[in-house]
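Residue numbers (my numbering): 390 to 683.
The structure appears below as structure tokens.
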Ligand code: NAP
């Protein structure tokens, strides 16, 4: 068997186009201009790239994009003051503080300071708690993207056995909740789980969110399973540079899986697209409008 490649780039592009259509509609019909504020502390090169991509894609969707850059040695009180200002700013409907933050800043305090109604990263405990309780919530973008990619293969996930490998607040835990909302039967694994190959072999849906290059081997995967690879790692390449690899041994998995996301070109493409979805949803909720059609 050769697995179908799930084209995250194409799916993300369609999603961004749908967001842009809905943004145009709420502007036309309600005079609402959704706005996203991104806060970058320091100059971590990877974070710089993400922030630039978020800015470009937000503007391309027709939304307002506000960028705030603070030095790496900014005082926590000054960062909190900026978040307070953004919480009160009627033009800002989504606030994203780019992680990781410098060690001098207490990340949890910053996450908790963002107005939950503008928490487009879905990390505030109010949103995490609502999601875990099965209530409507702003959900983290990467897990949302994983569900959309899975739904591009399966119209319904009801009754399917899923394994989520990784239990971070950013990916694994919210993904578990979103899969439960889809009526999947979910196993969540982590660094202390026993016999990961055996757990994985039972799964119709495999989500790898670990950060360990090619941890999940082809021999672990149930024939025909759908594999969503969240991992973004780099390994040395033949030309002396590095190449991107996921948490799944892609070439091995290709022979066994029914469908699989590539790295790059899979989940990574969906994360920013889902950030736009969350910003649009937050703007409509704050303005008292019905949930948009994305
Ligand atoms: P994280 O916070 O470091 O969490 C990693 C998780 O993997 C932890 O729960 C850890 O278990 C578990 N783990 C570590 N070693 C394991 C092993 N040998 N077997 C089973 N589980 C193991 O990472 P993250 O933020 O969730 O990110 C995971 C990966 O996704 C990274 O490669 C990251 O770059 C990527 N990522 C991609 C996107 C995207 O847009 N594509 C977005 C976010 C993250 P414990 O809890 O027991 O320590």
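Cβ coordinates follow ideal geometry from the N, Cα and C atoms, glycine included.
Practice task
Along the beta strand (DSSP E) that carries residue 459, what are the first and last residues, could you check?
Solution key: In the chain shown, counting from the first residue as 1, residue 459 sits at position 70. Start and end: 453–459.
Practice task
Note down, one range per segment and in chain order, each beta strand (DSSP E) of at least 3 residues found wholly within the stretch 593–640.
Solution key: 594–597, 615–618, 622–625, 631–634
Practice task
Note down, in chain order, each residue of its chain lying with its Cβ closer than 6 Å to the Cβ of residue 543, except the 5 sequence neighbours on either side.
Solution key: Numbered from its first residue, the chain shown carries residue 543 at position 154. Counting only Cβ-Cβ distances below 6 Å, and skipping sequence neighbours, we find nothing.
Practice task
Spatial neighbours of residue 431 within its chain, please: CB distance less than 6 Å, with the 5 preceding and 5 following residues excluded, ordered by chain position.
Solution key: In the chain shown, residue 431 corresponds to position 42, counting from 1. Taken in chain order, the residues that qualify are 461, 491.
Problem - Of the residues 681, 683, 672, 679, the one placed nearest residue 478, counting alpha carbons only - result: As a working mapping, residue 478 is identified with position 89 in the chain shown. When only C-alpha atoms are compared, the closest one is 672.
Handout entry: Close Cβ partners of residue 532 (< 7 Å) along its chain, the five nearest in sequence each way excluded
Key = In the chain shown, counting from the first residue as 1, residue 532 sits at position 143. If we look at residue 532 and ignore the five residues flanking it on each side, its Cβ neighbours are 560, 563, 564, 567.
Practice task
Verify whether the separation of the beta carbon atoms of residue 624 and residue 634 is less than 7 Å.
Solution key: Your numbering for residue 624 matches position 235 in the chain shown. Your numbering for residue 634 matches position 245 in the chain shown. The answer is yes: Cβ separation under 7 Å.
Problem - Boundaries (first-last residue) of the alpha helix (DSSP H) holding residue 501 - result: The count along the chain shown starts at 1 and reaches residue 501 at position 112. Run containing residue 501: 496–502, per the alpha helix (DSSP H) assignment.
Practice task
Could you tell me if residue 640 is buried or exposed, where buried requires 16 or more neighbouring beta carbons within 10 angstroms of its beta carbon?
Solution key: Counting from 1 along the chain shown, the entry for residue 640 is found at position 251. With fewer than 16 Cβ atoms within 10 Å of its Cβ, residue 640 is classed as exposed.
Practice task
Report the rounded CA-to-CA distance for residue 504 versus residue 522, giving the unit in angstroms.
Solution key: Residue mapping note: residue 504 aligns to position 115 of the chain shown, counting from 1. Residue mapping note: residue 522 aligns to position 133 of the chain shown, counting from 1. Spanning the two alpha carbons is a distance of roughly 19 Å.
Practice task
Flag residue 648 as yes when its Cβ comes closer than 6 Å to any non-hydrogen atom of the ligand NAP, and as no otherwise.
Solution key: To locate residue 648, count along the chain shown from 1; it is residue 259. No, since every heavy atom of the ligand NAP falls outside the 6 Å radius drawn around the Cβ of residue 648.
Handout entry: Cβ shell of residue 412 (< 7 Å), same chain only, five flanking positions each side left out
Key = Counted from its first residue, the chain shown places residue 412 at position 23. 423, 450, 451, 452, 669, listed in sequence order.
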